[in-house]
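Residue numbers (my numbering): 10 to 166.
Built from N, CA and C at the ideal position, the CB exists for glycine as well.
Because the structure is a prediction, the values reported are computed rather than measured.
First comes the structure, then the notes that go with it.
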């Protein structure tokens, strides 16, 4: 009887430990998802800096790179508990691109008139980036099960 009980307890502990480390929102998948998102955010930041320093006439190339990064972010498969962070990053990218495309496509005489609207969109994008960074910090402090992360992963959020 003691051996059976010991065996059951061992199986539960080993299985639980495995799930904690490698399950759908385990420590390892969450860490890997965070790293992929952090890498995309860094590449995005670099590409935005290049686009910001590019003359209006030559923005097509940098904007194409930004669109590629946004598409890569949207298509990135991450554990369910890191999807919110991915979506915040993708939304930041989308808003930034909308603002840059609005400026690029406006006739030269109307660009000044767009400045207020573009500034507002860039503030929105900045807030999404701040929210993304906060979510990444939260994920790094408590994987895999915390503050509704499990509920999010199970689709109950």
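Query	Result
Contacting residues, own chain, Cβ-Cβ under 7 Å from residue 42 (five flanking each side not counted)	87, 88, 91
Beta carbon of residue 99 nearer than 9 Å to that of residue 127	no
Separation of residue 116 from residue 149, as counted between CA atoms	45 Å
Where the alpha helix (DSSP H) through residue 58 begins and ends	36–61
Residues near residue 138 in its chain [Cβ-Cβ closer than 7 Å; skip 5 each side]	101
Local conformation of residue 147 per DSSP, three classes	helix
Cβ-based burial, residue 10 [other Cβ within 10 Å; buried from 16]	exposed
Cβ pair residue 104, residue 74 closer than 9 Å	no
Same chain, Cβ closer than 8 Å to residue 85, five either side skipped, listed in chain order	45, 46, 49, 95
Three-way DSSP call (helix, strand, coil) for residue 7 in this model	As displayed, the chain neither begins before 10 nor continues past 166, which places residue 7 out of reach and without an answer.
Neighbourhood of residue 106 by C-beta, 8 Å cutoff - its chain only, sequence neighbours within 5 removed	72, 75, 76, 79
Rounded straight-line distance, which links the Cα of residue 83 to that of residue 55	18 Å
Where residue 87 falls: helix, strand or coil (DSSP)	coil
Separation of residue 135 from residue 146, as counted between CA atoms	17 Å
Nearest-angstrom Cβ-Cβ length linking residue 60 and residue 68, presumed shorter than 8 Å	6 Å
Burial state of residue 64 (16 or more Cβ within 10 Å)	exposed
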